[in-house]
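Visitor:
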Amino acid sequence: MSKKTTNEVNEVETQEHNHPTASKYFIIALILSVITAIEVGIFYLEFLSYAIIPILSVLSIGKFTLVIMYYMHLKFDSKLFSGLFLTGLILASSVTITLMVLLNWFQSR
Amino acid sequence: MESENNHHEEQEHSSTGLSHKKLLMWAFLGSDCMFFAALIATYLVNMGNNPAGTPFPEDVFSIPVTSVSTFVLLMSSLSMVLSYAALSQNRMKAFRIWLLSTVILGATFVGFQIFEFNDFVNHEVEVHCSDLANDSKKERLTDLQIKIGTEKCLDGIDEVSEKVPLTPQVNLFGSTFFTLTGFHGGHVTFGIIWLFSLLLYSFRGKVTPLNLDLAALYWHFVDIVWIIIFTVVYLFGVFPGY
Numbered sequence: 000m001s002k003k004t005t006n007e008v009n010e011v012e013t014q015e016h017n018h019p020t021a022s023k024y025f026i027i028a029l030i031l032s033v034i035t036a037i038e039v040g041i042f043y044l045e046f047l048s049y050a051i052i053p054i055l056s057v058l059s060i061g062k063f064t065l066v067i068m069y070y071m072h073l074k075f076d077s078k079l080f081s082g083l084f085l086t087g088l089i090l091a092s093s094v095t096i097t098l099m100v101l102l103n104w105f106q107s108r
Numbered sequence: 000m001e002s003e004n005n006h007h008e009e010q011e012h013s014s015t016g017l018s019h020k021k022l023l024m025w026a027f028l029g030s031d032c033m034f035f036a037a038l039i040a041t042y043l044v045n046m047g048n049n050p051a052g053t054p055f056p057e058d059v060f061s062i063p064v065t066s067v068s069t070f071v072l073l074m075s076s077l078s079m080v081l082s083y084a085a086l087s088q089n090r091m092k093a094f095r096i097w098l099l100s101t102v103i104l105g106a107t108f109v110g111f112q113i114f115e116f117n118d119f120v121n122h123e124v125e126v127h128c129s130d131l132a133n134d135s136k137k138e139r140l141t142d143l144q145i146k147i148g149t150e151k152c153l154d155g156i157d158e159v160s161e162k163v164p165l166t167p168q169v170n171l172f173g174s175t176f177f178t179l180t181g182f183h184g185g186h187v188t189f190g191i192i193w194l195f196s197l198l199l200y201s202f203r204g205k206v207t208p209l210n211l212d213l214a215a216l217y218w219h220f221v222d223i224v225w226i227i228i229f230t231v232v233y234l235f236g237v238f239p240g241y
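Chains as they are written, first to last, in numbering that gives the first Met the number 0: chain A, 0 to 108; chain B, 0 to 241.
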């Protein structure tokens, strides 16, 4: 296989250098742990009633986003990777919602 | 340097300037999203369609136990990125320690899952008969506890219990729950084997940052799938009225 051009090698190296430092990884882990603790805490607050569904959904999406952006490096890597993954994710969300609509999940709530 | 040689070996020509292997891994993860989405949707649609007298999510789930296993998996993601950072800086000892930590944390998560499955299969419902006479306490009982209590609480009996196992055959909740979490557990197990293989290969100087990056992407993916499962299946599952 032929070698990469200098520009290509530089691009990869720049991406690697842009990755977060170990201390930032620890901070992200701390945030993820705190969000998980909040999720579990909120779950036991009965007065929130149905409000816990949007709250837990937002917290869960927040954790999901933090992991893919920082731990999976989508924030720093090529946009092509983000495009590939988001395409699958959007299709997956569509599959979920379509199945639930087709099988009358929303009417039965 | 051994690692530097490997780093040069993995450079390949591509029209995008990006690694083909990494591109393929992202495409795979995108498609795996659809696989889990189908399983989650199937679970949501069927979790409540169960015959009376069989366990529902609120009868069997233990949120404190699952919260701990969720925390363990989140920490395994931390050790995974620290392992990748160490290998990128050619700090082989730190790389191996963090990678071994990831394997151990992953195995712990699977252990939690086995414990949980075993608990569900041997699930026993307990009812304090006095709770049935107290309206505020009765409100907190599940339909299954009320059914068992009403049938078995006779005069002079303080507490009754009945073995009500949850297996894939018992009801649709069991079938879809074990399929979804079983496939996730299978993904985690495959990840553990992959990471442990990389750990062994590292002693022969055959691990490159790209190899580890691919495994790390896979590992973080099983983590984000669990983030969704924990909220949608466990927290929403136990929430009354969901």
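C-beta atoms are modelled at their ideal positions from N, C-alpha and C, and glycine is treated no differently.
Please compile the residues from chain A whose C-beta is within a distance smaller than 7 Å of the C-beta of B/ASP222.
Guide: The answer, in chain order, is VAL66.
Visitor: Of all the options A/VAL100, A/ALA91, A/LEU101, which has the alpha carbon lying nearest to the alpha carbon of B/ALA36?
Guide: Of the listed residues, the one whose Cα sits closest to B/ALA36 is A/ALA91.
Visitor: Comparing alpha-carbon positions, which option in B/THR141, B/PHE114, B/THR65 lies nearest B/GLU125?
Guide: Nearest of B/THR141, B/PHE114, B/THR65 to B/GLU125, Cα basis: B/THR141.
Visitor: Could you check the C-alpha separation between B/LEU213 and A/SER81 for me, to the nearest Å?
Guide: Between B/LEU213 and A/SER81, the C-alpha separation is close to 15 Å.
Visitor: Identify the contact partners of B/HIS183 in chain A, using a Cβ-Cβ distance below 8 Å as the criterion.
Guide: By Cβ distance, chain A contributes nothing, its closest Cβ being about 14 Å from B/HIS183, past 8 Å.
Visitor: Give every residue of the same chain whose Cβ lies closer than 6 Å to the Cβ of B/PHE119, excluding the five residues on either side of it in the sequence, and list them in chain order.
Guide: Excluding residues within five positions, the ones whose Cβ falls inside 6 Å are VAL59, LEU165.
Visitor: Rounded C-beta distance between B/SER76 and B/TRP218? I'm assuming under 8 Å.
Guide: Correct: roughly 7 Å between the Cβ atoms.
Visitor: Which residue's Cα is closest to the Cα of B/LEU38: B/PHE238, B/SER66, B/SER201, B/ILE228?
Guide: With distances taken between Cα atoms, B/LEU38 lies closest to B/ILE228.
Visitor: What does a CB cutoff of less than 6 Å around B/VAL169 pick up in its chain, not counting 5 residues either side in sequence?
Guide: Only THR53 meet the Cβ criterion.
Visitor: Would you mind giving the Cβ-Cβ distance between B/SER82 and B/LEU98, rounded to the nearest angstrom? I have them listed as a contact below 8 Å.
Guide: Rounded, the Cβ-Cβ distance is 4 Å, consistent with contact.
Visitor: Would you give the residue range spanned by the alpha helix (DSSP H) that B/VAL163 belongs to?
Guide: Segment: none, B/VAL163 is in no alpha helix (DSSP H) and carries neither H nor E.
Visitor: Where does the unbroken beta strand (DSSP E) through B/HIS127 begin, and where does it stop?
Guide: 123-127 is the extent of the beta strand (DSSP E) around B/HIS127.
Visitor: Would the stretch 83-97 of chain B count as touching the stretch 149-163 of chain B if we require 3 or more Cβ pairs under 8 Å?
Guide: Because the criterion of three Cβ pairs below 8 Å is not met, the stretch 83-97 of chain B and the stretch 149-163 of chain B do not touch.
Visitor: My understanding is that B/VAL159 touches A/TRP104, with C-beta atoms under 8 Å, so please give their C-beta distance in whole angstroms.
Guide: With 8 Å as the limit, B/VAL159 and A/TRP104 do not qualify as a contact, their Cβ atoms being about 35 Å apart.
Visitor: Roughly how many angstroms separate the alpha carbons of B/LEU28 and B/ASP222, rounded to a whole number?
Guide: Each residue's Cα considered, the two are about 12 Å apart.
Visitor: If you follow the alpha helix (DSSP H) that A/LEU85 is part of, which residue opens it and which one closes it?
Guide: Looking at the DSSP string, the run of the alpha helix (DSSP H) that includes A/LEU85 is 78-101.
Visitor: Can you give the Cα-Cα distance for B/SER2 and B/VAL163, rounded to whole angstroms?
Guide: At B/SER2 the pLDDT is 46, less than 50, meaning the model places this residue with poor confidence and gives no usable figure here.
Visitor: For the alpha helix (DSSP H) containing B/PHE114, name the first residue and the last one.
Guide: It spans 91-120 - the alpha helix (DSSP H) in which B/PHE114 sits, taken as one unbroken run.
Visitor: Give a yes or no on whether the minimum CB-CB distance between A/LYS78 and chain B is below 7 Å.
Guide: With 7 Å as the cut-off, A/LYS78 does not count as an interface residue toward chain B.
Visitor: With a threshold of 7 Å between beta carbons, is A/LEU83 in contact with chain B?
Guide: Yes, A/LEU83 lies at the interface with chain B (some Cβ there is under 7 Å from its Cβ).
Visitor: When you compare the CB of A/LYS62 with every CB in chain B, is at least one pair closer than 7 Å?
Guide: Output row for A/LYS62: interface = yes.
Visitor: Against chain A, which members of the stretch 68-94 of chain B pass a CB distance test of less than 8 Å?
Guide: Hits within the stretch, in order: THR69, PHE70, LEU73, MET74, SER76, LEU77, MET79, VAL80, LEU81, ALA84, SER87.
Visitor: If B/SER78 and B/SER100 are in contact, beta carbons under 8 Å, what's the gap, nearest whole angstrom?
Guide: The Cβ separation is near 4 Å, so the contact holds.
Visitor: When the Cα atoms are used, what is the spatial distance from A/SER77 to B/ASP31?
Guide: A/SER77 and B/ASP31: Cα-Cα distance of roughly 20 Å.
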